[in-house]
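What follows is a single structure, written as structure tokens, with notes after it.
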Amino acid sequence: MEHLYDTHFHLDLQKDRVGAIYEIEEHQIYTIAVTNLPDLYRKESGEIASKYIRFALGFHPELIHHYKNQIPLMWELLPVARYVGEVGLDFVDMTYKNEQLAFFSELIERCRYDEDKIITIHSRRAVRQVLNIIGDRFRFKPILHWFTGNKEELLNAVEKGFYFSVNKSMLNTKKFQSMLPLIPKERLLLETDSPFISFPYSHHDTLIKLRQLIIKEKGNVNLWNNFKKVLGG
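For the sequence shown, the residue numbers in the working numbering are 1 to 233.
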């Protein structure tokens, strides 16, 4: 049986958090619940216990400047957090570019040789910089969340061994459809990025349709095996 999972889901931002947890557990959706700030990670992971939900320690790049006081908390929690995200770079607004670069560079150095870490990475308009900071020497599992880079950047990430988490909005763009054949089948993962994408279906149904779309475009691919490989088993 191929189970369902979601590698990038914002539980703390759901309008009906209780309902979201119920659906995850009812349909046994293995979920990486990303957070945008360290104190949200500490709060959520302390309040919610579920077999199907794992919280990721996050610090969204757009929030670093405004919540600099939480950077020490990030470094305090990082050693015991297996899942990390949402982290990365966002250069839509370049105002605090240097602060983002400094934080992400330090984060990667702190995680570089931790083979147990799984990091889901935001790279909007900053794919090249993300790839340069991570480089070729790392032991963690990097997942490029909602990839929007170009073909050259995609091939560079593939060569380095990155995973790619795919959502329905990505598959609706001609640009990503043209690049999907370049991603090895074993590096594809599911994500919804809920609630930032509006879905006409439930979380469960959305993941089923997403899996069907990927298989239709990519052929025979076992997305559950891919997820298990990331988890290390």
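A virtual CB, placed ideally from N, CA and C, is assigned to each residue, including glycine.
If you're wondering where the values come from, they're calculated on a predicted model, not measured in any experiment.
Classification of residue i by the beta-carbon crowding that lies within 10 angstroms, buried from 16 upward
i: Ala49; result: exposed
i: Asp136; result: exposed
i: Asp90; result: buried
i: Asp93; result: exposed
i: Thr206; result: buried
i: Gly232; result: exposed
i: Pro61; result: buried
i: Asp6; result: buried
i: Thr236; result: Past the boundaries of the shown model lies residue 236; the chain is included only from 1 to 233, so the question cannot be answered.
i: Leu154; result: buried
i: Ala102; result: exposed
i: Leu182; result: exposed
i: Val18; result: exposed
i: Leu193; result: In the sequence as displayed, the identity of residue 193 is Asp instead of Leu. By the 10 Å Cβ count, Asp193 comes out buried.
i: Trp146; result: buried
Contact check, residue i vs residue j, beta carbons under 8 Å
i: Tyr52; j: Ile24; result: yes
i: Arg82; j: Glu115; result: no
i: Gly85; j: His8; result: yes
i: Glu44; j: Leu11; result: yes
i: His65; j: Glu99; result: yes
i: Lys157; j: Leu131; result: A quick correction: the sequence has Ala, not Lys, at residue 157. Yes, Cβ-Cβ distance for Ala157 and Leu131 is below 8 Å.
i: Leu223; j: Lys168; result: no
i: Ile133; j: Pro142; result: no
i: Arg124; j: Thr148; result: yes
i: Leu107; j: Val87; result: yes
i: Leu37; j: Gly58; result: yes
i: Pro195; j: Gln14; result: yes
i: Leu171; j: Leu213; result: yes
i: Lys248; j: Met179; result: The chain is shown only over 1 to 233; residue 248 falls outside these bounds and no answer can be derived.
i: Ala20; j: Val34; result: no
Residue i at chain C interface by Cβ criterion, 8 Å
i: Gly88; result: Absent here is chain C; the protein component of the structure consists of one chain.
Cross-strand partners of residue i (DSSP beta bridge)
i: Val18; result: The partner list for Val18 (beta bridge, DSSP) is empty, contrary to what the question assumes.
i: Phe9; result: Ala33
i: Thr120; result: Ile143
i: Leu223; result: According to DSSP, which records beta bridges pairwise, Leu223 is partnered with nothing at all.
i: Leu188; result: Phe164
Notebook entry, point to check: Whole beta strand (DSSP E) runs in the segment 45 to 92 with 3 or more residues, listed along the chain?
Noted result: 53 to 56 and 83 to 90
Notebook entry, point to check: Which residue spans inside the segment 122 to 180 form an unbroken beta strand (DSSP E) run of at least 3?
Noted result: 141 to 145 and 163 to 166
Check: Between the segment 180 to 190 and the segment 16 to 30, do at least 3 Cβ pairs fall closer than 8 Å?
Finding: no
Check: Fully enclosed by the segment 194 to 221, which beta strand (DSSP E) runs are 3 residues long or longer?
Finding: none
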